[in-house]
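Our numbering puts the last residue of the sequence shown at 595; the count rises by one with no breaks.
Here a beta-carbon is modelled for each residue, glycine too, at the ideal position from N, C-alpha and C.
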Amino acid sequence: AAMGQLNSSLRSFRKAVKGTSPDQQVALSHILSMQSAVQAAKVQVPTSAAGMKPTEGRIFTIAFRKDLIEVQRSLLDLEVKILDEKYSEADLAIRGLLGHKKGGHDKYIEDA
């Protein structure tokens, strides 16, 4: 659920910063939504950890949490870019986050 919220906010955020008249307030509200989604997700156990031995699962879950802490840092940096009205930089940073998201999905989420 948290990751669904993140994806939805990510799409809306990109719309808010693109184009000739970026909407700072809308962008900021979507950043806060993404930050809270990551905050909620980082304390969850990734589904892939369920089938592991306890020690491996614990190490895997810690790595998952650390990766999401990095995402949180990126989102805080992104919030500063929006406050500074650096919209094109923000859009570039979001592309980096999308790459991080794909890598995280490949690493932590089992395909159904």
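Proximal residues to residue i (C-beta, below 6 Å), its chain only, five neighbours per side dropped
i	result
residue 493	none
residue 489	517 and 520
residue 591	529, 531 and 547
Start and end residues, alpha helix (DSSP H) containing residue i
i	result
residue 537	537-566
Where residue i falls: helix, strand or coil (DSSP)
i	result
residue 484	coil
residue 569	coil
Neighbourhood of residue i by C-beta distance below 8 Å, restricted to the same chain and skipping five residues each side
i	result
residue 581	493
residue 577	493, 496, 497, 500 and 561
residue 537	none
7 Å CB neighbourhood of residue i in its chain, flanking five on each side removed
i	result
residue 570	500 and 505
residue 528	544
residue 540	532
residue 513	492, 495, 496 and 499
is_contact[residue i, chain C] using C-beta, thresh 9 Å
i	result
residue 579	Note that chain C does not occur in the displayed structure, where there is just one protein chain.
| What runs of the alpha helix (DSSP H), each 4 residues or longer, lie entirely inside the segment 499-526? | 507-524
| request: Taking 8 Å as the threshold, find out whether the segment 551-568 comes into contact with the segment 521-531 through three or more Cβ pairs. | output: yes
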